[in-house]
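Undergrad:
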Amino acid sequence: MSMKTPLKLLAAATLTLGTSMAMAFEPEGKVECLAPADPGGGWDFTCRSVGNVMEELDLVPGSVQTINMAGAGGGVAYAHTVSKRAGDDQLLVAASTATTTRLAQGQFQGLDADMVNWIGAVGADYGIIAVSKDSEYKDLPSLMNALKEDPRSVKFAGGSAKGGWDHLKVLIAANSAGVDNLPRIPYLSYNNGGEAMTQVVGGHVDAFTGDITEAQGFMESGDLRVLAVLSDERLPGEFSDIPTAKEQGIDAVGPNWRGFYMPADIPDDAKQYWVNAVDELYQSEEWKQVMQNNGLMPFHVSGAEFEEFVKKQINDIESLSKDIGLIK
Numbered sequence: 047m048s049m050k051t052p053l054k055l056l057a058a059a060t061l062t063l064g065t066s067m068a069m070a071f072e073p074e075g076k077v078e079c080l081a082p083a084d085p086g087g088g089w090d091f092t093c094r095s096v097g098n099v100m101e102e103l104d105l106v107p108g109s110v111q112t113i114n115m116a117g118a119g120g121g122v123a124y125a126h127t128v129s130k131r132a133g134d135d136q137l138l139v140a141a142s143t144a145t146t147t148r149l150a151q152g153q154f155q156g157l158d159a160d161m162v163n164w165i166g167a168v169g170a171d172y173g174i175i176a177v178s179k180d181s182e183y184k185d186l187p188s189l190m191n192a193l194k195e196d197p198r199s200v201k202f203a204g205g206s207a208k209g210g211w212d213h214l215k216v217l218i219a220a221n222s223a224g225v226d227n228l229p230r231i232p233y234l235s236y237n238n239g240g241e242a243m244t245q246v247v248g249g250h251v252d253a254f255t256g257d258i259t260e261a262q263g264f265m266e267s268g269d270l271r272v273l274a275v276l277s278d279e280r281l282p283g284e285f286s287d288i289p290t291a292k293e294q295g296i297d298a299v300g301p302n303w304r305g306f307y308m309p310a311d312i313p314d315d316a317k318q319y320w321v322n323a324v325d326e327l328y329q330s331e332e333w334k335q336v337m338q339n340n341g342l343m344p345f346h347v348s349g350a351e352f353e354e355f356v357k358k359q360i361n362d363i364e365s366l367s368k369d370i371g372l373i374k
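Number 167 in my numbering belongs to position 121 of the sequence shown; there are no gaps in the numbering.
1. Starting from A176, follow its DSSP beta bridges and name the residues at the other end.
2. Measure the alpha-carbon distance for D362 versus S267 and round it to whole angstroms.
3. By alpha-carbon positions, which one of K292, L327 and T145 ends up nearest to S95?
4. Going by the CB atoms, is the gap between V275 and I288 shorter than 7 Å?
5. Buried or exposed: where does P313 fall if 16 or more other Cβ atoms within 10 Å of its Cβ makes it buried?
6. So which of L342, L103, L228 and A118 has the shortest CA-CA distance to G205?
7. Run the CB neighbour count on P344, radius 10 Å, all protein chains shown included, and call it buried at 16 or more, exposed below.
8. Grab me the residues of M100's own chain with a C-beta within less than 8 Å of its C-beta, minus the 5 sequence neighbours each way, in chain order.
9. Candidates V177, A223 and V246: which alpha carbon is nearest M190's?
10. By the DSSP assignment, the beta strand (DSSP E) with G204 in it spans what residues?
11. Excluding the 5 residues preceding and the 5 following L273 in the sequence, name in chain order all residues of the same chain whose CB lies nearer than 7 Å to its CB.
12. Mapping the DSSP letters down to three states, classify N361 as helix, strand or coil.
13. Looking at C-beta atoms only, is the number of pairs between the stretch 332-343 and the stretch 78-88 that lie closer than 8 Å three or more?
14. Any chance you could list the beta strand (DSSP E) runs of at least 3 consecutive residues sitting entirely within the stretch 300-359, in chain order?
15. Using C-beta distances below 6 Å, list every residue in its chain close to Q359, excluding the 5 sequence neighbours before and after it, in chain order.
16. Under the three-state reduction of DSSP, which class applies to G283: helix, strand or coil?
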């Protein structure tokens with residue numbers, strides 16, 4: 047029995063059968079996954095790793111093609127999905143807390159969360175603050191103390207736009223550490239986390255703000271030293287030696303979920319197919335292995351529950367952004 051059978055049965059069960067057998071939706075031909083950034087960042091990782099596992103599980107008829115569309119912190123891809131791809135039931139778009147942050151701050155002009163279909167999340171990536179191996183900063187409090195003395199003394203690089211989720215993580219930590227004048231902290235935005243880390247490792251920028259999955263290569267090579275992971279508790283496995291911000295006296299937590307939305311106006315059975323596909327992918331041993339290998343933590347909501355979660359997070363980030371002066 048193919049891995050796809052339970053999903054077909056589930057989709058078929060949701061349809062009312064007339065005199066002639068109604069066909070449940072199944073993807074045909076090319077399935078695309080739009081990564082709203084250049085190769086090398088978290089959205090690119092989401093598309094490629096999920097695409098590979100969907101192929102292994104026979105959830106797609108052929109391959110999943112990753113298409114990179116960088117710009118405006120995910121805004122170019124969001125606008126493209128809304129304006130050009132309505133009704134396209136073969137398109138998945140990678141999303142994360144960075145997406146909800148931009149929506150919360152009104153950065154996707156004229157666009158809101160109701161203009162797409164929210165499908166589901168397949169794990170969470172925790173934020174980190176890291177420096178190059180030669181940095182004078184050996185722990186998070188020493189970095190924050192430098193900011194307390196002069197908010198302009200430490201330059202941060204991240205893969206999200208200014209005011210985006212990577213930037214916000216630094217401000218959450220600095221706010222908790224008692225740093226004044228948060229808007230003065232320099233933040234440089236790059237097209238993806240890989241590019242931002244290269245600047246830090248090369249000594250051009252002082253510190254990196256991003257997610258643990260992005261940083262693995264540079265951590266393994268020893269070029270990047272992670273000062274703190276923004277999780278409630280230490281991460282398991284190979285990441286267990288990285289201290290949390292909390293245990294260093296700075297109450298900052300920054301989980302970044304990874305998941306998907308799809309264009310508006312797709313048929314209900316198509317949406318249900320992809321919600322079920324994401325559920326089946328998340329439960330699979332293959333995906334558990336990908337999560338373990340890449341530092342992704344358990345986090346899964348889908349369908350209507352995911353849509354509700356996304357809207358609540360947008361409201362929460364909007365309040366936070368107002369509190370720290372990013373938006374009025």
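By construction, the Cβ of each residue, glycine as well, lies at the ideal position given by its N, Cα and C atoms.
TA: Well, looking at it:
1. For the purposes of this step, residue 176 is taken as residue 130 along the sequence shown, with counting starting at 1. Answer is F254 and V272.
2. For the purposes of this step, residue 362 is taken as the residue at position 316 of the sequence shown. For the purposes of this step, residue 267 is taken as the residue at position 221 of the sequence shown. Distance between the alpha carbons of D362 and S267 is about 37 Å.
3. Taking the sequence shown and counting its residues from 1, one reaches residue 95 at position 49. Among K292, L327 and T145, the Cα nearest to that of S95 is on L327.
4. Mapped onto the sequence shown, residue 288 falls at position 242. Mapped onto the sequence shown, residue 275 falls at position 229. The answer is yes: Cβ separation under 7 Å.
5. Counting from 1 along the sequence shown, the entry for residue 313 is found at position 267. Burial call: exposed.
6. Indexing the sequence shown from 1 puts residue 205 at position 159. With distances taken between Cα atoms, G205 lies closest to A118.
7. Your numbering for residue 344 matches position 298 in the sequence shown. With fewer than 16 Cβ atoms within 10 Å of its Cβ, P344 is classed as exposed.
8. As a first step, residue 100 must be located in the sequence shown, where it is residue number 54. Answer for M100: V77, V106, V110, A323 and L327, listed in chain order.
9. Here the question's residue 190 lines up with position 144 in the sequence shown. Closest option to M190, Cα to Cα, is A223.
10. Along the sequence shown, one-based indexing puts residue 204 at 158. Annotation for G204: the continuous beta strand (DSSP E) segment containing it runs F202 to G204.
11. Translated into positions along the sequence shown, residue 273 becomes position 227. Cβ neighbours of L273 beyond the five flanking positions: I175, A176, V177, Y183, D185, L186 and L189.
12. Position 315 of the sequence shown, counted from the start, is the residue given in the question as residue 361. Three-state DSSP puts N361 in a helix.
13. Judged by Cβ distances under 8 Å, the stretch 332-343 makes no contact with the stretch 78-88, as fewer than three pairs qualify.
14. 301-309
15. Counted from its first residue, the sequence shown places residue 359 at position 313. So the qualifying residues of the chain are T146.
16. The count along the sequence shown starts at 1 and reaches residue 283 at position 237. Here G283 sits in helix by DSSP.
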